[in-house]
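>
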Amino acid sequence: SSGSSGSSMASCRRLSGAGLREVLGPAQGLLFDCDGVLWAGERAVPGAPELLERLRRSGKAALFVSNNSRRSVAELERRFSRLGFRGVRAEHVFSSALCSALFLRQRLLGGGGNGNGAGRVFVLGGEGLRGEVRDAGLRLAGEGEPAPGEPVRAVLVGYDDQFTFAKLAQACGYLRDPQCLLVATDPDPWHPLSDGQRTPGTGSLTAAVETASGRKALVVGKPNTYMFDCIVERFGVDPSRTLMVGDRLETDILFGKNCGLATILTLTGVSRLEEAQAYMASDNAAAKDLVPNYYVDSIADLIPGLDE
Amino acid sequence: AALPGPKPADWVQAPLDPAVRAVLVGFDEHFSYAKLCQALRYLLRGGPECLLVGTNRDHRLPLEGGAGIPGTGCLVKAVETAAQREAFIVGKPNRFMFDCVAGEFQLEPARTVMVGDRLDTDILMGNDCGLTTLLTLTGVTALDEVRGHQDSGCPARHSLVPDFYVDSIADLLPLLGE
Numbered sequence: 005s006s007g008s009s010g011s012s013m014a015s016c017r018r019l020s021g022a023g024l025r026e027v028l029g030p031a032q033g034l035l036f037d038c039d040g041v042l043w044a045g046e047r048a049v050p051g052a053p054e055l056l057e058r059l060r061r062s063g064k065a066a067l068f069v070s071n072n073s074r075r076s077v078a079e080l081e082r083r084f085s086r087l088g089f090r091g092v093r094a095e096h097v098f099s100s101a102l103c104s105a106l107f108l109r110q111r112l113l114g115g116g117g118n119g120n121g122a123g124r125v126f127v128l129g130g131e132g133l134r135g136e137v138r139d140a141g142l143r144l145a146g147e148g149e150p151a152p153g154e155p156v157r158a159v160l161v162g163y164d165d166q167f168t169f170a171k172l173a174q175a176c177g178y179l180r181d182p183q184c185l186l187v188a189t190d191p192d193p194w195h196p197l198s199d200g201q202r203t204p205g206t207g208s209l210t211a212a213v214e215t216a217s218g219r220k221a222l223v224v225g226k227p228n229t230y231m232f233d234c235i236v237e238r239f240g241v242d243p244s245r246t247l248m249v250g251d252r253l254e255t256d257i258l259f260g261k262n263c264g265l266a267t268i269l270t271l272t273g274v275s276r277l278e279e280a281q282a283y284m285a286s287d288n289a290a291a292k293d294l295v296p297n298y299y300v301d302s303i304a305d306l307i308p309g310l311d312e
Numbered sequence: 077a078a079l080p081g082p083k084p085a086d087w088v089q090a091p092l093d094p095a096v097r098a099v100l101v102g103f104d105e106h107f108s109y110a111k112l113c114q115a116l117r118y119l120l121r122g123g124p125e126c127l128l129v130g131t132n133r134d135h136r137l138p139l140e141g142g143a144g145i146p147g148t149g150c151l152v153k154a155v156e157t158a159a160q161r162e163a164f165i166v167g168k169p170n171r172f173m174f175d176c177v178a179g180e181f182q183l184e185p186a187r188t189v190m191v192g193d194r195l196d197t198d199i200l201m202g203n204d205c206g207l208t209t210l211l212t213l214t215g216v217t218a219l220d221e222v223r224g225h226q227d228s229g230c231p232a233r234h235s236l237v238p239d240f241y242v243d244s245i246a247d248l249l250p251l252l253g254e
């Protein structure tokens with residue numbers, strides 16, 4: 005079956021041959037992480053576009069869930085197309101930028117209504133993230149004339165390559181108000197660059213803000229389940245018939261476990277097979293939730309599991 | 077050195093200084109993502125051969141009126157999180173600074189008093205180093221905070237309790253002979 009049972013540990017089995025058909029056959033859809041799964045930098049993983057095409061022909065849904073808070077979903081739709089993936093529309097893509105905006109809209113605007121009096125959001129992040137927050141009907145601190153009674157009601161920490169001490173101090177000023185939310189797009193400590201180097205992630209910036217303010221951030225991205233709630237609300241997926249495919253054990257695989265999805269680790273990204281095996285062998289109870297049900301060298305390996 | 081280009085993808089192309097063997101994080105009001113990026117590059121290049129040192133973990137520097145600015149601890153945490161490793165912290169409550177002093181000045185801990193206003197740095201270091209500890213109430217700590225630690229059942233919190241306290245260090249004057 006494609007589901008993993010409650011408390012038993014996943015066994016990190018290589019998916020191939022008959023096993024592949026047994027797992028993919030009953031699945032109604034797959035959730036894919038993007039970086040390190042579909043592409044690495046500006047290069048699609050070989051065979052990945054074909055896999056998505058074959059999924060479509062098999063009548064299986066493909067949705068995308070990414071912790072990357074740099075780009076708007078409109079930009080991501082263009083990126084999919086540019087890298088050779090056909091038929092992926094913005095509505096299929098759930099980025100931490102989009103979901104953070106949806107989360108803030110829920111919390112600040114409640115069940116509806118306009119932006120007046122809802123308060124502003126101080127965003128630590130780039131234009132992609134800022135755009136998603138605006139598109140959700142929220143007003144950003146530092147933009148336009150502040151209306152009376154429009155305090156900053158949330159600080160949103162995302163990937164911010166223009167982060168500075170001054171912005172950190174400004175965020176802390178807003179967070180002195182206990183009513184002001186502290187939200188982070190994702191917990192990722194670093195991201196790989198194509199030449200094997202690493203760039204600091206949102207998690208490192210969030211750690212600075214948490215330490216300065218004495219507050220704990222609400223983290224929207226994987227491994228927390230809010231992004232799955234967004235997916236279910238829009239597309240109504242059945243977790244027992246959906247597979248999660250990702251490259252990072254601590255986010256993608258744990259996310260799958262938390263949402264009740266069977267998980268497939270692909271080895272074209274961050275995590276190594278040895279790390280999954282180490283978690284499997286660990287005495288630490290939390291480690292077992294980081295073990296994928298299955299693994300493949302690349303998502304192209306899933307193609308033989310689909311009907312011709 | 078100036079960074080080549082405006083983006084991280086440019087920054088990571090800048091040559092690294094081959095002589096760097098430690099990243100030291102102190103108070104830096106010009107801290108930026110670009111610097112964090114460089115720190116991470118040196119730590120990854122050097123692995124355990126490159127030291128990661130922080131001057132202290134204070135999370136906040138208080139200003140007047142209850143305001144404050146972020147402390148060095150925030151910047152240390154950012155580097156530790158990106159590099160997924162723990163910094164060696166030189167400052168209190170770590171005993172390193174006491175060892176520096178004791179080495180230079182032949183101190184006997186049993187005959188030395190540590191005077192401070194902060195329980196989790198000054199008093200903790202003093203207690204850990206076997207000094208007599210004296211809390212002064214002219215700074216960040218109020219007496220009921222001490223009572224809270226004293227009454228807790230937790231041994232770690234008992235290490236935050238000073239041997240003595242004064243309202244101000246001026247109160248020591250009458251105790252000293254003419």
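Chains as they are written, first to last, in this note's numbering: chain A, 5 to 312; chain B, 77 to 254. Here a beta-carbon is modelled for each residue, glycine too, at the ideal position from N, C-alpha and C.
(1) Within 10 angstroms of the Cβ of Arg75 (chain A), are there 16 or more other Cβ atoms? Answer buried if so, exposed if not.
(2) Apart from the five residues just before and just after Asp301 (chain A), which ones in its own chain have a Cβ nearer than 8 Å to its Cβ?
(3) Can you list, in chain order, the residues of its chain with a C-beta nearer than 8 Å to that of Ala221 (chain A)? Leave out the 5 residues immediately preceding and following it.
(4) Just to confirm before moving on: does the CB-CB distance between Ala101 (chain A) and Gly141 (chain A) stay below 8 Å?
(5) Taking Ile257 (chain A) as the reference, give the member of A:Glu237, A:Arg25, A:Asp37 with the closest Cα.
(6) Please report the Cβ distance between His106 (chain B) and Phe167 (chain A), rounded to the nearest whole angstrom; I am assuming they are in contact, meaning their Cβ atoms lie under 8 Å.
(7) So Phe126 (chain A) contacts chain B; which residues on that side make the cut at Cβ distance below 9 Å?
(8) Just to make sure I have the definition right: I need the residues of chain A whose C-beta is within less than 9 Å of the C-beta of Glu162 (chain B). Which are they?
(9) So does the stretch 206-221 of chain B actually touch the stretch 231-246 of chain B, counting three or more Cβ pairs closer than 8 Å?
(10) Give the DSSP bridge partners of Trp43 (chain A), in chain order.
(11) What is the DSSP secondary structure of Pro196 (chain A), counted as helix, strand or coil?
(12) Measuring only the C-alpha atoms, how far is Phe89 (chain A) from Arg245 (chain A)?
(13) Alpha carbon to alpha carbon, how far is Gly7 (chain A) from Pro50 (chain A)?
(14) Tell whether a beta-carbon distance below 8 Å holds between Lys64 (chain A) and Ala31 (chain A).
(15) Please name the residue or residues paired with Ile268 (chain A) in a DSSP beta bridge.
(16) Considering only residues of the same chain and omitting the five flanking positions on each side of Ser9 (chain A), which have a CB-CB separation below 6 Å?
(17) What does DSSP give as the partner residues of Pro146 (chain B) in its beta bridges?
(18) How do the stretch 194-203 of chain A and the stretch 126-139 of chain B stand: do at least 3 beta-carbon pairs fall below 8 Å, yes or no?
(19) What did DSSP end up calling Val213 (chain A) once you bin it into helix, strand or coil?
(20) Would you call the CB atoms of Leu183 (chain B) and Val222 (chain B) closer than 8 Å?
(21) Give me the Cα-Cα distance between Pro82 (chain B) and Gly205 (chain A), rounded to the nearest whole angstrom.
(22) Applying a beta-carbon distance threshold of less than 7 Å, which residues of chain A neighbour Ser108 (chain B)?
(23) Taking a Cβ distance cut-off of 7 Å, strictly less, list which residues of the stretch 99-125 of chain B are near chain A, in chain order.
(24) By alpha-carbon positions, which one of A:Leu87, A:Ala280, A:Leu35 ends up nearest to Glu46 (chain A)?
(25) Which same chain residues, not among the five before or five after Gly206 (chain B), have their C-beta less than 6 Å away from its C-beta?
(26) Output the residue ranges of the alpha helix (DSSP H) runs that lie fully inside the stretch 157-208 of chain A and measure 4 residues or longer, sorted by chain position.
(27) Taking beta-carbon pairs under 9 Å, can you tell me which members of the stretch 208-221 of chain A lie near chain B?
(28) According to DSSP, is Arg25 (chain A) part of a helix, a strand, or is it coil?
(29) For chain A, find out if any of its Cβ atoms is closer than 8 Å to the Cβ of Pro169 (chain B); answer yes or no.
(30) Return helix, strand or coil for Leu310 (chain A), following the three-state DSSP convention.
(31) Can you say whether Cys176 (chain B) is buried or exposed, counting buried as having 16 or more other CB atoms within 10 angstroms of its CB?
(32) Mapping DSSP to helix, strand and coil, what is Leu252 (chain B)?
(33) Would you kindly work out how many angstroms separate the C-alpha atoms of Ser73 (chain A) and Arg83 (chain A), rounded to a whole number?
(34) By DSSP, does Ser108 (chain B) sit in helix, in strand, or in coil?
(35) Indicate whether Thr131 (chain B) and Val155 (chain B) have their beta-carbon atoms separated by less than 8 Å.
(36) Is the CB-CB distance between Ala90 (chain B) and Val129 (chain B) below 8 Å?
Short version:
(1) With 16 or more other Cβ atoms within 10 Å, it is buried.
(2) Taken in chain order, the residues that qualify are Thr270, Leu271, Thr272.
(3) Hits under 8 Å: Val161, Leu186, Val187, Ala188, Thr210, Val213, Glu214.
(4) Not a contact, by the Cβ cut-off of 8 Å.
(5) Relative to the Cα of Ile257 (chain A), the nearest Cα in the group A:Glu237, A:Arg25, A:Asp37 belongs to A:Asp37.
(6) Contact flag wrong, Cβ pair sits at about 12 Å.
(7) Near Phe126 (chain A) there are no residues of chain B at all, since even the closest Cβ is about 15 Å away, more than 9 Å.
(8) Neighbours of Glu162 (chain B) on chain A: none; closest Cβ ~13 Å, over 9 Å.
(9) Counting C-beta pairs closer than 8 Å gives three or more between the stretch 206-221 of chain B and the stretch 231-246 of chain B, which meets the contact rule.
(10) Residue pairing of Trp43 (chain A) in beta bridges, as defined by DSSP: A:Asp39, A:Ala48.
(11) Pro196 (chain A) sits in a strand when the DSSP states are folded into three classes.
(12) The C-alpha of Arg245 (chain A) is placed about 24 Å away from the C-alpha of Phe89 (chain A).
(13) Because the pLDDT of Gly7 (chain A) is 49, which lies under 50, any placement of that residue in the model is unreliable, and the number read from its coordinates should be weighed accordingly. Cα to Cα, the separation comes out at about 28 Å.
(14) Their beta carbons are under 8 Å apart, which means Lys64 (chain A) touches Ala31 (chain A) by this criterion.
(15) Ile268 (chain A) pairs with A:Val249, A:Tyr298.
(16) Low per-residue confidence applies at Ser9 (chain A): pLDDT is 47, beneath 50, and the placement is therefore not dependable enough to give any value.
(17) Per the DSSP secondary-structure output, Pro146 (chain B) pairs in a beta bridge with B:Arg136.
(18) Between the stretch 194-203 of chain A and the stretch 126-139 of chain B, the count of C-beta pairs closer than 8 Å stays below three; the two stretches do not touch.
(19) Looking at Val213 (chain A) - three-state DSSP - the assignment turns out to be helix.
(20) The beta carbons of Leu183 (chain B) and Val222 (chain B) sit no closer together than 8 Å.
(21) Going from the Cα of Pro82 (chain B) to the Cα of Gly205 (chain A) covers about 17 Å.
(22) Within chain A, the residues near Ser108 (chain B) are Phe167, Thr168.
(23) Taking 7 Å as the Cβ-Cβ cut-off, the stretch 99-125 of chain B approaches chain A at Asp104, Glu105, His106, Phe107, Ser108, Tyr109, Leu112, Cys113, Leu116, Arg117, Leu120, given in chain order.
(24) Ranking A:Leu87, A:Ala280, A:Leu35 by CA distance to the CA of Glu46 (chain A) puts A:Leu87 first.
(25) Non-local beta-carbon contacts of Gly206 (chain B) in its own chain, meaning distances under 6 Å to residues more than five positions away in sequence, involve Pro185 in chain order.
(26) For the stretch 157-208 of chain A, the continuous alpha helix (DSSP H) assignments of 4+ residues that do not extend past its boundaries occur at 169-179, in sequence order.
(27) Listed in sequence order: Ser208, Leu209, Thr210, Ala211, Ala212, Val213, Glu214, Thr215, Ala216, Ser217, Gly218.
(28) Arg25 (chain A): helix per DSSP, three-state reduction.
(29) For Pro169 (chain B), the closest Cβ of chain A is not nearer than 8 Å.
(30) Three-state result, Leu310 (chain A): coil.
(31) In the assembly as shown, Cys176 (chain B) is an exposed residue. Its beta-carbon has fewer than 16 other beta-carbons within 10 Å.
(32) Reduced to three states, the DSSP call for Leu252 (chain B) is coil.
(33) Straight-line Cα distance between these residues: approximately 14 Å.
(34) When DSSP states are grouped into helix, strand and coil, Ser108 (chain B) belongs to the strand group.
(35) No, the pair does not count as a contact, with Cβ atoms beyond the cut-off.
(36) No, the pair does not count as a contact, with Cβ atoms beyond the cut-off.
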